[in-house]
Amino acid sequence: MDRFEELKKKYDSVLSFVQQQKGVSVHNLHLQENKLILRASAGTEQIKNSIWDQIKRVDKTFSDLQADISVDPSLAPKAAAPAAAPPPAPGGAQTYTVKSGDSLSKIAKQVYGNANAYMKIFEANRDQLKDPDTIKPGQVLKIPSA
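In our numbering, the protein residues as written are 619 to 764.
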């Protein structure tokens, strides 16, 4: 198997994700200097970040990949009808909608004033979180009272 095919196979989950994603246009995919080169445009910063999240799931260093992903608002998916608000969290807990760049410790610092309290948020959301280091923009998390 040549290097291009080997790298395409390694990053297959990323390439599949990009193809299925609305609001993404791939301009170029080729091998250069033993690296897979991906040039693409995403309709929003959030879509761009989700592509990077996929890349880092395959290889945190992505030393054999060079991705040049720009944001082109003309590619943004058309807004759907607003979703119904999530039901209130049990026990009067508040909720928080995850934004790009958030982490549980960052949210804990905002809410409780202590980044180390992130496990309290993780424990309250075990039904939807498997790993305290993996949250996605748009997720609605229950925030238990301090």
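Note that CB positions come from ideal geometry on N, CA and C, so glycine has one too.
Q) How should SER631 be labelled, buried or exposed, when 16 other C-beta atoms within 10 angstroms of its C-beta is the threshold for buried? A) Of the other Cβ atoms in all chains shown, fewer than 16 fall within 10 Å of the Cβ of SER631; this residue is therefore exposed.
Q) If you check the beta carbons only, do LYS653 and LEU683 fall under 8 Å apart? A) Their beta carbons are under 8 Å apart, which means LYS653 touches LEU683 by this criterion.
Q. If you count every other CB in all the chains shown that lies within 10 Å of the CB of GLY661, and 16 or more means buried, which is it?
A. Classification of GLY661: buried, given that the 10 Å Cβ count is 16 or more.
**Q.** Pair within 8 Å by beta-carbon distance, GLY756 and VAL716
**A.** Using a Cβ distance threshold of 8 Å, GLY756 and VAL716 count as a contacting pair.
Q. Measuring CB to CB, does SER723 end up less than 8 Å from TYR736?
A. One thing to note: SER723 has its Cβ within 8 Å of the Cβ of TYR736.
Q) Just how far apart, CA to CA, sit ALA733 and GLN746? A) Taking the straight line from one Cα to the other gives about 20 Å.
Q: Please work out which residues of its chain come closer than 6 Å, Cβ to Cβ, to ASN646, disregarding the five sequence neighbours upstream and downstream, and give them in chain order.
A: Cβ within range, chain order: ARG657.
Q. Whole-angstrom Cβ separation of LEU693 and VAL642, contact assumed at under 8 Å?
A. Sure, about 7 Å apart at Cβ, within 8 Å.
Q | Exposure of SER668, with buried meaning 16 or more beta-carbon neighbours within 10 Å | A | Under this definition SER668 is a buried residue.
Q) Straight-line CA distance for LYS666 to PHE680? A) Between the C-alpha atoms of LYS666 and PHE680 there is a straight-line separation of about 16 Å.
Q: Can you give me the Cβ contacts of ILE753 inside the same chain, cut-off strictly under 8 Å, excluding the 5 residues immediately before and after it?
A: Excluding residues up to 5 positions away in sequence, VAL716, ASP720, SER721, LEU722, LEU747, LEU759 lie with their Cβ nearer than 8 Å to the Cβ of ILE753 in the same chain.
Q.
Tell me which residues share the same chain as ALA764 and place their Cβ nearer than 7 Å to its Cβ, disregarding the 5 neighbours each side in the sequence.
A. Here the set comprises TYR730.
(Q) Relative to the C-alpha of LYS628, which candidate in ALA742, ASP677, TYR714 has its C-alpha closest? (A) A check of alpha carbon separations from LYS628 across ALA742, ASP677, TYR714 identifies ASP677 as the nearest.
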